[in-house]
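> The structure that follows is given in the form of structure tokens.
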Amino acid sequence: MTWDDIKGAMPVIAPVLAALAILVRGSARRSGQNPMPPAIALAGFLFTLITIAVAWPVTSRPLFAGALRSDNLGLFAALLSTLAGIGTVLISVDYLKRRGRNHAEYYALVLFGVTGMSVMGMSSNLLSLLLGLELMSLVLYVLAGFFREESRSIESSIKYFLTGSFATGLFLFGMGLVYGASGSLDLDALGLALADSHYRSLALVGVGFLVAGFAFKIAAAPFHMWLPDVYEGAPTPVTAFMATGVKIAAFTAIVRVFSAVYQVDNDSLRSALWWIAVLTMSVGNLAALVQKNVKRMLAYSAIAHAGYLLVALVAMRGEPDEGGALSFGTSEAARGILYYLLAYLTANLGAFGVLSHFEREGGKGLDYEDLSGLRAKYPFLSLALALFMLSLAGIPGTAGFIGKLLVFGSAVETGAALDRDSFVLLAILGILNSLVGLYYYLRVLIQLYVKDLPDTERDRLPVMASPAFGGVIVIAFAATIWLGVGPDFFHLGLGVEPALQMVQQALASLR
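Plus 585 on top of the position in the sequence shown (first one is 1) and you've got my numbering.
Here is the structure:
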């Protein structure tokens, strides 16, 4: 380990230092009365953002003997993970205070979770990827059951732990097969093993188990059964953290892994992913149609969005470089995945943030009927929730529309380049699924703006929001619009084009 390794890994190290500071400082006072833990967490995240900004763009180089890689893709993953952590902390403070559970260890766990997510995004080795995956997962198991007095929170934690453990087993078995085929756990060796005719079959089976492990984590069908109950039972800010952070970490890692896997074209693997994408989109959207609880609806919606991202993964292809290897630095599909993650972060974090404010004791207040007429009591929060729903639906003028345009457009482009209609059909099925999803997103708007406030709610005083909570909703609201239509006013580096340029820079170091 050298000083250069430490500097390159600061986006991973900084949250750990902040978490340790919280654990030491938090024990000095009663957690419920101590304002320091969230402040320390935010300071740690701010320092992480500074290290990312100073390093960007970075020349790709290995860290810690090749376990991690300091490159723009890793920094991008750390950036989005850190933003998810900041949003989670800001929407958690009010929520936990109302529930009497504003404990220091909660914020330390969020910091450790972001560390695991960043490690996943920066991993160039399957072993370090597994370590990041497990750190993130262990944190989320605990956070899901943070309300120990509520049976549904404990049930959420247990279900997540059991399915997550099974996913880890599949991933480990895949790692073993890949190591047997290549003699290494480096991602570069994975592509070489697939190209070797003697070990190709063994390596391909190993990749299949790796895909199954990833599928559990992103809740791709048919590995999605755990997600609705876990999302519904976990504290709402934790659900926001899971919904955004896990997808960011998993899909940036998937992009890195598949840039090695796709060095050798394999129709059978793409065909399997094609069917998984279609099944995931369809199951998620159809199940969301019949939900009565908005939080549970968003859980099934998350499954559908995993399917949309898989559309781009199926379509991802590289261009030969000077050495004959495929480079994915200019892949439209990979660009679509990263931009989609950015759009998904703003809309989903904002939506769950608003729901956490609407939620009452015991997780009540989150059925569709409970949103009736809330425009009268919470005019801005209702408007914000409506916008977030429209972005998740992919309505033009929102960040979600640009994300879906890039994802489905990449499938059409790949189909035209390879002269294969299956990619175009996949894009069409994705668009049709988006139209189905429009129904359950619009139901939220109908409840907010068409239905009237029940008489029983007229005398109930609205819950006051703190400036910190209001700030994160305002930022998510503005980002959702700006990333959908906004030009780069005043050269601030914001808007669609600057965001796309940043995504392109993130991919530049990807082979």
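Note that CB positions come from ideal geometry on N, CA and C, so glycine has one too.
1. For my contact list, residue 720 and residue 1057 are in at a C-beta cut-off of 8 Å; report their separation, rounded to the angstrom.
2. Just how far apart, CA to CA, sit residue 587 and residue 660?
3. Give me the residue from 1017, 877, 1024, 935 with the minimum Cα distance to residue 949.
4. Okay, do the region 880-899 and the region 1006-1023 touch, 3+ Cβ pairs below 8 Å being the bar?
5. Output yes or no for whether 9 Å exceeds the beta carbon distance between residue 846 and residue 790.
6. Return yes when the Cβ of residue 622 is within less than 9 Å of the Cβ of residue 688, no when it is not.
7. Tell me where the beta strand (DSSP E) around residue 1039 begins and ends.
8. How long is the line joining the alpha carbons of residue 680 and residue 774, rounded to whole angstroms?
9. Run the CB neighbour count on residue 1024, radius 10 Å, all protein chains shown included, and call it buried at 16 or more, exposed below.
10. What did DSSP end up calling residue 905 once you bin it into helix, strand or coil?
11. Taking the alpha helix (DSSP H) that residue 737 belongs to, which residues open and close that run?
12. Using C-beta distances below 7 Å, list every residue in its chain close to residue 862, excluding the 5 sequence neighbours before and after it, in chain order.
13. Scan the region 653-689 and note each continuous beta strand (DSSP E) run of 3 residues or more that stays entirely inside, going in chain order.
14. Verify whether the separation of the beta carbon atoms of residue 695 and residue 745 is less than 9 Å.
15. Starting from residue 1052 and walking both ways along the alpha helix (DSSP H), at which residues does that stretch end?
16. Go to residue 646, then tell me how far its beta strand (DSSP E) extends in each direction, as first and last residue.
17. Residue 921 and residue 913 - do their beta-carbons sit closer together than 9 Å?
18. Please report the distance separating the alpha-carbon of residue 565 from that of residue 653.
19. Cutting at 6 Å between CB atoms, please list the residues of its own chain near residue 991, excluding the five before and the five after it.
20. Work out the CA separation of residue 649 and residue 929 for me, nearest whole Å.
21. Look up residue 877 in the DSSP assignment and say whether it is helix, strand or coil.
22. Roughly how many angstroms separate the alpha carbons of residue 916 and residue 715, rounded to a whole number?
23. Can you say whether residue 738 is buried or exposed, counting buried as having 16 or more other CB atoms within 10 angstroms of its CB?
24. CB of residue 787 to nearest heavy atom of the ligand GDP: below 8 Å?
25. On the three-state DSSP scale, how would you describe residue 949?
26. State yes or no: is the C-beta of residue 635 within less than 9 Å of the C-beta of residue 606?
27. Taking residue 832 as part of the alpha helix (DSSP H), name the residues at either end of that continuous run.
28. If you reduce the DSSP assignment to three classes, tell me which class residue 773 lands in.
29. Output needed for residue 839: all residues of its chain with C-beta closer than 7 Å, excluding positions within five of it in sequence on either side, in chain order.
30. Within 10 angstroms of its Cβ, does residue 1086 collect 16 or more other Cβ (buried), or is it exposed?
31. In angstroms with no decimal places, state the Cα-to-Cα distance between residue 979 and residue 645.
32. How many angstroms separate the CA atom of residue 596 from the CA atom of residue 699?
33. Put residue 851 into one of helix, strand or coil per three-state DSSP.
34. Expressed to the nearest angstrom, what Euclidean distance is found between the alpha-carbon atoms of residue 812 and residue 804?
35. If I measure Cβ to Cβ from residue 662 and keep anything under 6 Å in the same chain, skipping five residues before and after, which residues do I get?
36. Considering just the uninterrupted stretch of the alpha helix (DSSP H) at residue 943, what are its terminal residues?
This is what the structure gives:
1. Translated into the one-based positions of the sequence shown, residue 720 becomes position 135. Translated into the one-based positions of the sequence shown, residue 1057 becomes position 472. Not really, about 25 Å apart at Cβ, beyond 8 Å.
2. In the sequence shown, residue 587 corresponds to position 2, counting from 1. In the sequence shown, residue 660 corresponds to position 75, counting from 1. Rounded to the nearest angstrom, the two C-alpha atoms are 19 Å apart.
3. Counting from one through the sequence shown, the residue named residue 949 turns up at place 364. With distances taken between Cα atoms, residue 949 lies closest to 877.
4. yes
5. One-based indexing of the sequence shown puts residue 846 at position 261. One-based indexing of the sequence shown puts residue 790 at position 205. No, the Cβ-Cβ distance between residue 846 and residue 790 is not below 9 Å.
6. Within the sequence shown, the letter at position 103 stands for residue 688. Within the sequence shown, the letter at position 37 stands for residue 622. Yes, these two residues count as a Cβ contact at 9 Å.
7. Residue mapping note: residue 1039 aligns to position 454 of the sequence shown, counting from 1. Counting along the chain, residue 1039 falls outside any beta strand (DSSP E), and DSSP gives it neither H nor E.
8. Sequence index remark: in the sequence shown, residue 680 carries index 95 (1-based). Sequence index remark: in the sequence shown, residue 774 carries index 189 (1-based). The alpha-carbon atoms of residue 680 and residue 774 are separated by roughly 47 Å.
9. For the purposes of this step, residue 1024 is taken as residue 439 along the sequence shown, with counting starting at 1. It counts as exposed.
10. In the sequence shown, the residue the question calls residue 905 occupies position 320. Residue 905 falls in the strand class under three-state DSSP.
11. In the sequence shown, the residue the question calls residue 737 occupies position 152. Start and end: 736-767.
12. Mapped onto the sequence shown, residue 862 falls at position 277. So the list reads 892, 895, 896, 899, 1011, once near-sequence residues are dropped.
13. 653-655
14. Translated into positions along the sequence shown, residue 695 becomes position 110. Translated into positions along the sequence shown, residue 745 becomes position 160. Contact flag unset, no.
15. Taking the sequence shown and counting its residues from 1, one reaches residue 1052 at position 467. It spans 1052-1070 - the alpha helix (DSSP H) in which residue 1052 sits, taken as one unbroken run.
16. Along the sequence shown, read from residue 1 onward, the residue named residue 646 stands at position 61. Segment 646-648, the beta strand (DSSP E) holding residue 646.
17. Position 328 of the sequence shown, counted from the start, is the residue given in the question as residue 913. Position 336 of the sequence shown, counted from the start, is the residue given in the question as residue 921. Going by C-beta atoms, residue 913 is not nearer than 9 Å to residue 921.
18. Nothing in the structure corresponds to residue 565, since the chain is present only between 586 and 1096.
19. Locating residue 991 in the sequence shown gives position 406, counting from the first residue. Hits under 6 Å: 921, 924.
20. Within the sequence shown, residue 929 is the residue found at index 344, counting from 1. Within the sequence shown, residue 649 is the residue found at index 64, counting from 1. Distance between the alpha carbons of residue 929 and residue 649: 32 Å.
21. Mapped onto the sequence shown, residue 877 falls at position 292. Reduced to three states, the DSSP call for residue 877 is coil.
22. For the purposes of this step, residue 916 is identified with residue 331 of the sequence shown, where counting begins at 1. For the purposes of this step, residue 715 is identified with residue 130 of the sequence shown, where counting begins at 1. So the two alpha carbons sit approximately 26 Å from each other.
23. Position 153 of the sequence shown holds residue 738. Burial call: buried.
24. Although the ligand GDP was asked about, the structure shown includes no ligands whatsoever.
25. The residue given as residue 949 occupies position 364 in the sequence shown. Here residue 949 sits in strand by DSSP.
26. As a position in the sequence shown, residue 635 is number 50, starting the count at 1. As a position in the sequence shown, residue 606 is number 21, starting the count at 1. Their beta carbons are not under 9 Å apart, which means residue 635 does not touch residue 606 by this criterion.
27. For the purposes of this step, residue 832 is taken as the residue at position 247 of the sequence shown. Looking at the DSSP string, the run of the alpha helix (DSSP H) that includes residue 832 is 832-846.
28. If you number the sequence shown from 1, residue 773 lands on position 188. Correct three-state label for residue 773: helix.
29. By one-based count along the sequence shown, residue 839 stands at place 254. Contacts found: 799, 898.
30. For the purposes of this step, residue 1086 is taken as the residue at position 501 of the sequence shown. Exposed, by the Cβ-count rule.
31. One-based indexing of the sequence shown puts residue 979 at position 394. One-based indexing of the sequence shown puts residue 645 at position 60. Whole-angstrom Cα-Cα distance: 34 Å.
32. Start at 1 with the first residue of the sequence shown, and residue 596 comes out as number 11. Start at 1 with the first residue of the sequence shown, and residue 699 comes out as number 114. The alpha-carbon atoms of residue 596 and residue 699 are separated by roughly 10 Å.
33. As a position in the sequence shown, residue 851 is number 266, starting the count at 1. Residue 851 falls in the coil class under three-state DSSP.
34. As a first step, residue 812 is located in the sequence shown; it is residue number 227 there, counting from the start. As a first step, residue 804 is located in the sequence shown; it is residue number 219 there, counting from the start. About 7 Å.
35. Locating residue 662 in the sequence shown gives position 77, counting from the first residue. Only 706, 837 meet the Cβ criterion.
36. Counting from 1 along the sequence shown, the entry for residue 943 is found at position 358. Looking at the DSSP string, the run of the alpha helix (DSSP H) that includes residue 943 is 917-943.
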